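J.: A single structure is presented below for examination.
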Amino acid sequence: MLNLRPRQLLLLSLLAAFITMALKTLAWYLTGSVGFLSDAIESLVNVAGAGFALAMVSLARRPADDSHPYGHSKAEYLSAAFEGGLIFIAAIAIFITAIERLFNPQPIATLGLGTALTVLASAINLGIALLLLRGAKQHSSPALEGDGKHLMTDVWTTAGVVLGVTLASYSGYSWLDPLVAIAVALHILHEGGGILYRAVNGLMDKALPDATLQQIEHTLAGFSSNDVEFTELRSRAAATLKFAEAKMLVPGHWSVAQAHQLADEVELAVTQLGVELRVRLRVVI
Numbered sequence: 354m355l356n357l358r359p360r361q362l363l364l365l366s367l368l369a370a371f372i373t374m375a376l377k378t379l380a381w382y383l384t385g386s387v388g389f390l391s392d393a394i395e396s397l398v399n400v401a402g403a404g405f406a407l408a409m410v411s412l413a414r415r416p417a418d419d420s421h422p423y424g425h426s427k428a429e430y431l432s433a434a435f436e437g438g439l440i441f442i443a444a445i446a447i448f449i450t451a452i453e454r455l456f457n458p459q460p461i462a463t464l465g466l467g468t469a470l471t472v473l474a475s476a477i478n479l480g481i482a483l484l485l486l487r488g489a490k491q492h493s494s495p496a497l498e499g500d501g502k503h504l505m506t507d508v509w510t511t512a513g514v515v516l517g518v519t520l521a522s523y524s525g526y527s528w529l530d531p532l533v534a535i536a537v538a539l540h541i542l543h544e545g546g547g548i549l550y551r552a553v554n555g556l557m558d559k560a561l562p563d564a565t566l567q568q569i570e571h572t573l574a575g576f577s578s579n580d581v582e583f584t585e586l587r588s589r590a591a592a593t594l595k596f597a598e599a600k601m602l603v604p605g606h607w608s609v610a611q612a613h614q615l616a617d618e619v620e621l622a623v624t625q626l627g628v629e630l631r632v633r634l635r636v637v638i
């Protein structure tokens with residue numbers, strides 16, 4: 354199986370977005386279907402979203418500096434928020450177009466070729482979405498997850514559009530076409546809201562998953578003794594980076610060197626879990 358880095362996956366997504374946008378735009382041009390137009394507009398969002406995600410992932414990979422001692426990884430949440438905003442704009446554009454067509458219905462032409470082009474574009478999106486979601490899980494990347502989930506939504510959206518356009522064409526009820534477009538707009542509004550929620554939640558320093566916290570606690574327990582106790586464990590996630598801090602209580606008869614040596618060993622052990630731990634010493638008298 355392909356084992357691509359986040360930047361490589363997003364470059365692939367950007368290329369696929371341009372191809373699918375061209376295919377769906379051609380499908381709309383050939384058929385005149387507002388349902389296919391709604392699908393083409395969402396493809397434009399895919400292009401903008403993948404491009405911005407690529408820029409933010411590049412920024413997120415920059416090392417920590419004096420101005421950003423914890424790195425730049427939160428830039429990935431900006432990508433998710435940006436894509437969520439674009440989805441809202443696309444939904445509004447679809448609403449306006451669909452409502453106008455609902456009151457002024459037009460016949461749909463060249464359905465076969467238009468549908469074939471749209472289905473081909475959807476198949477491309479499905480393949481890229483699966484790659485992105487697998488990469489998001491592997492690299493713990495919100496940008497890849499947001500782009501992948503959006504593309505997967507696009508796949509289901511296209512399925513709904515094709516169904517609606519087909520029903521409108523064969524039944525003669527032209528109003529079914531804009532009605533499906535309105536349903537698509539509502540669906541992508543819901544998806545946009547979900548992406549924005551996850552982005553805002555990430556920017557507010559969400560705690561690490563319970564499974565990760567249990568691993569940290571288990572590691573700390575291995576260093577605990579009658580003399581040493583760990584308290585006040587706190588954690589936060591910053592996109593691909595994970596941070597935690599805890600107090601280490603040591604007896605007053607310990608030397609400073611002895612306490613710092615143990616703290617370094619604890620931090621190194623937790624680092625093996627992919628978490629950067631900061632131990633704060635406290636002397637118990």
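Be aware that the sequence shown starts at 354, since it is given in my numbering, and climbs by one per residue. The beta carbon of each residue, even a glycine, is placed where N, CA and C say it ideally should be. All values reported here derive from a predicted model rather than from experimental measurement.
1. Determine the burial state of M354: buried for a count of at least 16 other Cβ atoms within 10 Å of its Cβ, exposed for fewer.
2. For I569 and L561, I'd like the C-alpha separation in whole angstroms.
3. List the DSSP bridge partners of M601.
4. Give the DSSP-derived three-state secondary structure of F576 in the structure shown.
5. For D392, count neighbouring C-beta atoms within 10 Å of its own C-beta (all shown protein chains included) and say buried if the count is 16 or more, exposed if not.
6. Could you say which of L357, I394, G555, S366 lies nearest to S426 if we only look at CA atoms?
7. Use the C-beta contact count for G465: other C-beta atoms within 10 angstroms, 16 or more gives buried, fewer gives exposed.
8. Can you tell me whether L594 is helix, strand or coil according to DSSP?
9. Using the rule of at least 16 other Cβ atoms within 10 Å of the residue's Cβ for burial, across every protein chain shown, is G546 buried or exposed?
10. What residues in its chain sit with their C-beta under 7 Å from that of W528, if we drop five residues either side in the sequence?
11. Among the residues of its own chain, which have a CB less than 6 Å from the CB of L573, if the five just before and after it don't count?
12. Which residues share a DSSP beta bridge with R454?
13. List the endpoints of the continuous alpha helix (DSSP H) containing Q611.
14. Inspect the CB distances between the region 399-419 and the region 493-501 and report whether three or more fall short of 8 Å.
15. Could you say if the region 435-453 and the region 592-608 meet the contact criterion of at least three C-beta pairs nearer than 8 Å?
16. Tell me which same chain residues have a C-beta within less than 7 Å of the C-beta of I372, skipping the five on either side of it?
T.: Taking the definition as stated:
1. Any reading at M354 must be qualified, since the residue scores a pLDDT of 47, below 50, and its modelled position is unreliable; the value itself is stated next. Per the 10 Å Cβ criterion, exposed.
2. 10 Å
3. F583, L634
4. coil
5. Its Cβ being crowded by 16 or more others within 10 Å, D392 is buried.
6. G555
7. exposed
8. strand
9. exposed
10. L455, P458
11. Once the five neighbours on either side are set aside, the close Cβ partners of L573 are F583.
12. According to DSSP, which records beta bridges pairwise, R454 is partnered with nothing at all.
13. For Q611, the enclosing alpha helix (DSSP H) stretches over residues 609-624.
14. yes
15. no
16. I477
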